[in-house]
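Worksheet: the structure to be examined is printed underneath.
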Amino acid sequence: MTERRVRVRFAPSPTGPLHIGGVRTALYNYLFAKKHDGDFILRIEDTDQGRFVQGAEEYIIESLKWCGILANEGIGFGDGAYAPYRQSERKEMYRHYAMQLVNDGNAYYAFDTPEELETMRMGLTASGKDPKYDAVTRNSMKNSLTLSQDEVKKKVDSGEHFVIRLKLPENETVELTDMIRGKVSFNSSQLDDKVLFKSDGMPTYHLANVVDDYLMKITHVIRGEEWLPSAPLHVLLYRYFGWEDVMPNFSHLPLLLKPEGNGKLSKRDGDKLGFPVFPLQWQDPITKEISSGYRESGYFPDAVVNLLAFLGWNPGTEQEIFSLEELTQAFSFEHIHKAGAHFNPEKAKWFNQQYLHKKTIDELVQVFTPILSGHLKNNSIEAKDSSFIEAVCLLVKDKATFVSDFWNLSSYLFISPTEYDTDVIKKRWNEKSPTFFESLNQNLKNLSPFQKTEIDQIIKQTCETLGIKTGEVMQLIRVIISGKGSGVDLLGMMELLGRDEICIRIEKGMNSISKNK
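According to this note's numbering, the stretch in the sequence shown is residues 3 to 519, in order.
Set out below in structure tokens:
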């Protein structure tokens with residue numbers, strides 16, 4: 003048989019914001035497709051109209067684009083040969099396939115009311131059995147297997163509510179080979195007759211995803227572990243439709259787990275520990291509740307992608323920092339773990355810090371300038387020129403995790419301090435300090451060029467003349483210039499601020515400290 007072109011799909015439901023676990027699923031699909039020169043498709047599975055959330059589809063598309071996980075075809079990325087890619091726009095075709103299953107004896111009509119279903123489940127639970135609609139219980143329910151053909155036709159023709167259920171075989175082993183987990187087998191007695199089609203004309207996930215994967219020529223289904231229990235149903239559907247020879251390869255990815263303990267990572271975990279679980283900020287259209295996003299929290303998209311790639315996969319080497327292109331080349335299913343991956347918020351920050359260090363100064367200036375403008379505007383201070391901002395970024399980048407940290411690390415470079423670290427003053431200021439700073443200020447006023455090497459020499463010479471050790475005054479110099487006891491390179495800061503500003507700050511600081519002594 004001719005080898006088929008690799009085609010994968012990411013098929014989220016627009017029922018709310020896209021979880022980062024979903025972004026990881028999209029990423030793995032994307033990497034696999036790109037590595038094999040295949041196609042990555044975005045398909046929106048909106049068959050459950052009751053759970054549809056306004057704005058969720060747009061959010062999904064924007065999230066993938068922000069991460070750089072770009073589809074070849076699909077919603078938001080342009081139509082290909084298999085459009086439409088929104089299942090609600092494909093609903094007419096699903097009825098045909100549902101009826102094919104019914105006519106072939108592989109599915110059946112069920113007319114049970116919600117009350118009748120609840121009674122059945124309660125009875126099974128009370129007797130210690132699994133409350134499921136299966137090969138045993140269907141024989142006592144109201145469906146086309148227990149009703150006459152005339153009764154069934156009458157109910158359908160009258161518009162009575164119905165669903166079409168898959169007719170599972172009784173006590174049969176269903177096997178599939180998972181690309182991550184190897185051979186997996188299920189006994190049909192453990193499963194129930196899933197609903198495939200509803201009387202409102204909408205299919206359920208089980209029918210729609212199989213039909214669409216077949217029609218769109220999907221070769222590999224890469225999805226979360228939570229879908230593994232449904233895999234035997236999908237295998238049976240391929241068999242019943244006669245599509246076994248083109249059934250896709252299945253891969254079920256490990257879950258993303260809470261930072262501590264077991265259980266799937268949830269929004270509540272993020273709220274509790276103070277980290278995002280969504281790629282972008284999301285506002286619930288009904289409650290107006292806002293959930294934080296990685297973008298708005300200051301993360302770089304390439305750092306988030308790198309982080310997600312390592313949640314369940316590793317390259318088999320010590321390398322941790324990968325570009326998207328490098329991930330594509332390194333990615334393989336052989337190195338995907340079977341066990342769940344614990345999410346580590348601190349590791350997420352570490353990845354962002356590594357990417358911040360790799361950014362060019364121009365890139366950092368571009369991100370920092372809007373942040374800076376907001377702070378300077380609020381303080382009615384005119385923005386510095388671009389070369390000054392570049393120098394600030396260069397001074398603070400190695401101390402920051404996010405570009406948003408730059409302001410806290412550098413605010414004193416833009417605004418002269420009005421308060422001074424009292425702990426340092428109390429510890430370091432003594433009777434020699436006023437004389438030292440008066441002499442230092444005078445010496446700095448005559449210094450040219452005003453550069454780090456020359457500044458360092460003047461400080462040492464002033465100390466030597468007055469019989470003071472440099473270690474006794476360096477932190478005081480920092481405090482009197484910046485107001486803080488720690489920060490960026492002192493000599494670099496002094497060179498950047500320039501002779502006139504430094505001298506003004508020394509005089510201002512001396513006066514302030516003297517008043518408070």
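Ideal Cβ placement from N, Cα and C applies to all residues, glycine included.
All values reported here derive from a predicted model rather than from experimental measurement.
In three-state terms, what does DSSP make of residue i?
i: residue 75; result: strand
i: residue 516; result: helix
i: residue 180; result: strand
i: residue 278; result: coil
i: residue 205; result: strand
i: residue 111; result: strand
i: residue 80; result: strand
i: residue 284; result: strand
i: residue 319; result: coil
i: residue 7; result: coil
i: residue 266; result: strand
i: residue 325; result: coil
i: residue 353; result: helix
i: residue 308; result: helix
i: residue 455; result: helix
i: residue 358; result: helix
i: residue 490; result: coil
i: residue 450; result: coil
Can you give the Cα-Cα distance for residue i and residue j, rounded to whole angstroms?
i: residue 463; j: residue 511; result: 21 Å
i: residue 404; j: residue 345; result: 19 Å
i: residue 324; j: residue 288; result: 39 Å
i: residue 181; j: residue 337; result: 11 Å
i: residue 286; j: residue 15; result: 16 Å
i: residue 254; j: residue 73; result: 21 Å
i: residue 24; j: residue 76; result: 17 Å
i: residue 242; j: residue 299; result: 49 Å
i: residue 193; j: residue 341; result: 24 Å
i: residue 27; j: residue 227; result: 10 Å
i: residue 422; j: residue 277; result: 33 Å
i: residue 212; j: residue 320; result: 39 Å
i: residue 499; j: residue 332; result: 46 Å
i: residue 259; j: residue 408; result: 32 Å
i: residue 189; j: residue 204; result: 28 Å
i: residue 250; j: residue 44; result: 17 Å
i: residue 367; j: residue 387; result: 11 Å
i: residue 301; j: residue 183; result: 33 Å
i: residue 238; j: residue 360; result: 50 Å
i: residue 115; j: residue 132; result: 19 Å
i: residue 382; j: residue 414; result: Reliability fails at residue 382, whose pLDDT of 46 lies under 50, so the model's placement of it is uncertain and no value is given.
i: residue 290; j: residue 281; result: 18 Å
Ends of the beta strand (DSSP E) at residue i?
i: residue 254; result: 251-255
i: residue 575; result: Past the edges of the chain, shown from 3 to 519, lies residue 575, and the structure says nothing about it.
i: residue 483; result: No beta strand (DSSP E) contains residue 483, which is instead part of the alpha helix (DSSP H) from 472-484.
i: residue 53; result: Counting along the chain, residue 53 falls outside any beta strand (DSSP E), and DSSP gives it neither H nor E.
i: residue 97; result: That residue, residue 97, is in no beta strand (DSSP E); its alpha helix (DSSP H) goes 93-105.
i: residue 335; result: First-last for residue 335: undefined, no H or E at that position.
Which two residues bound the contiguous alpha helix (DSSP H) that contains residue i?
i: residue 297; result: Note, residue 297: premise wrong, no alpha helix (DSSP H); not H, not E.
i: residue 2; result: This structure does not reach residue 2, given that the chain is present from 3 up to 519, and the question cannot be answered.
i: residue 272; result: 269-275
i: residue 345; result: Residue 345 -> no alpha helix (DSSP H), and no H or E assigned at all.
i: residue 167; result: Element bounds for residue 167: not the alpha helix (DSSP H) but the beta strand (DSSP E), 165-168.
i: residue 604; result: No answer is possible for residue 604: it lies beyond the span of the chain, which begins at 3 and ends at 519.
i: residue 159; result: 151-159
Of all Cβ atoms in chain D, is any one closer than 9 Å to the Cβ of residue i?
i: residue 62; result: Judged by its chain identifiers, the structure shown contains no chain D, having just a single protein chain.
(request) Would you check if the segment 352-363 and the segment 389-406 touch, i.e. whether three or more CB-CB distances between them fall below 8 Å? (result) yes
(message) Pairs of beta-carbons, one from the segment 197-210 and one from the segment 160-168, closer than 8 Å: are there three or more?
(response) yes
(message) For the structure I just gave you, are there three or more beta carbon pairs, one from the segment 85-103 and one from the segment 33-52, closer than 8 Å?
(response) yes
(request) Determine, using beta-carbon pairs with one atom in the segment 54-68 and one in the segment 218-225, whether at least three such pairs fall under 8 Å. (result) These segments do not touch.
(message) With a threshold of 8 Å, are at least 3 pairs of Cβ atoms found where one atom belongs to the segment 149-163 and the other to the segment 291-307?
(response) No, the segment 149-163 is not in contact with the segment 291-307.
(request) Could you tell me whether the segment 412-432 touches the segment 487-500, where touching means 3 or more Cβ pairs closer than 8 Å? (result) yes
(request) Decide if the segment 93-106 is in contact with the segment 231-245; the criterion is three or more beta carbon pairs, one per stretch, under 8 Å apart. (result) yes
(request) Counting only runs of 4+ residues fully inside the segment 379-432, write out the alpha helix (DSSP H) ranges in chain order. (result) 388-398, 407-416, 424-430
(request) Starting from the N-terminal side, write out each stretch of the alpha helix (DSSP H) that is 4 residues or longer and does not extend beyond the segment 110-144. (result) Taking only runs of at least 4 residues, the alpha helix (DSSP H) segments lying wholly in the segment 110-144 are 116-128.
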